[in-house]
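Engineer: One structure is given below, represented as structure tokens, and several questions about it will come after.
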Amino acid sequence: QAGSILYLPVFQKGALVWTGDSHAMQSNGEIDVTALETSYEGITLQFIVRKDLKAEGVFDKTKRNGTSLFTWPIVENSEEWIVMGLHENLFEAMQFASRNAINFLVNTQGFTPQESYQFLSMVGNFDIPEAVNVIKNVAVHIPKETFKNLGKATTLSSGGKFPLTTPKNTVNATCAPQEGKIVE
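Here this note's numbering is used: position 149 in the sequence shown is 229, and no number is missing along the way.
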């Protein structure tokens, strides 16, 4: 969805971003290696480093205690949060997605783990965006509408506004790092 925010944990100083494998059409649950492949002329991305959000323990499972908010990718758009779970085994990916969504609700909404578990059983929408590759992906869609009256519908974005900022449309694809330098 245009204007979505993708939160990625970063574990390497000086990490780079790569984009590619664009599709004109792909099912939700890609089961074959080929979707409707296409090229894109340009894409505008804005990178903001959030040092206030900590990511720990993904590569060392012994440190993965479930208390960190950003150990897995999280997507935010105007309507929902999407929390991921990735694993070679689809059942394990489902368990990771469930645990990550529970941790997300505990850390952002103040739920207990038990309340989160029950809440996700009632309003969490689970799907399988990626089944064809070695690493399977299960996503949990958490609707923001549920939190609207609590004033917590945009806890991850700045100042309660969505989206954070809209980059200006340009003919040339550009990247604006946090320091404000334009890289073309």
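From the three backbone atoms N, C-alpha and C, an ideal C-beta is built for every residue, glycine too. Note that the coordinates shown come from a computational prediction; the quantities given were computed from them, not determined experimentally.
1. Tell me where the beta strand (DSSP E) around Glu210 begins and ends.
2. Put Val90 into one of helix, strand or coil per three-state DSSP.
3. Is it a yes or a no for the region 207 to 221 touching the region 161 to 181, going by three-plus beta-carbon pairs under 8 Å?
4. Which word fits Trp152, buried or exposed, when buried means at least 16 other C-beta atoms lie within 10 angstroms of its C-beta?
5. Consult DSSP for Leu170 and reduce its assignment to one of helix, strand or coil.
6. Can you tell me the Cα-Cα spacing of Asn169 and Glu110, whole angstroms?
7. How many Å lie between Phe283 and Phe127 at the Cα?
8. Can you say whether Ser119 is buried or exposed, counting buried as having 16 or more other CB atoms within 10 angstroms of its CB?
9. Report the residue ranges of all alpha helix (DSSP H) runs contained in full by the region 96 to 130; include only those spanning at least 4 residues, in chain order.
10. Which class does Pro223 belong to by DSSP, given the choice of helix, strand or coil?
11. Looking at the structure shown, is Val186 part of a helix, part of a strand, or coil, going by DSSP?
12. To the nearest angstrom, how far is it from the Cα of Thr147 to the Cα of Tyr197?
13. Determine which residues share a DSSP beta bridge with Val163 and list them.
14. In whole angstroms, what is the alpha-carbon distance linking Asn187 and Ser102?
15. Please state if the CB of Gly204 and the CB of Ala181 are separated by a distance shorter than 8 Å.
16. Just how far apart, CA to CA, sit Ile123 and Gln175?
Structural biologist: Inspection of the coordinates gives the following:
1. Asn205 to Glu210
2. coil
3. yes
4. It is buried - the Cβ of Trp152 has at least 16 other Cβ atoms within 10 Å.
5. helix
6. The alpha-carbon of Asn169 is positioned some 16 Å away from that of Glu110.
7. No information on residue 283 is available, as it lies outside the stretch 81 to 264 that the chain covers here.
8. exposed
9. If we require 4 residues or more, the region 96 to 130 turns out to have no alpha helix (DSSP H) run fully inside it.
10. Strand, per DSSP.
11. helix
12. Unreliable positioning characterises Thr147 in this predicted model, as indicated by a pLDDT of 45, which lies under 50. A coordinate reading is not provided.
13. Per DSSP, Ile154 and Val220.
14. 33 Å
15. yes
16. Separation of Ile123 and Gln175 (C-alpha to C-alpha, rounded to the nearest whole angstrom) is 33 Å.
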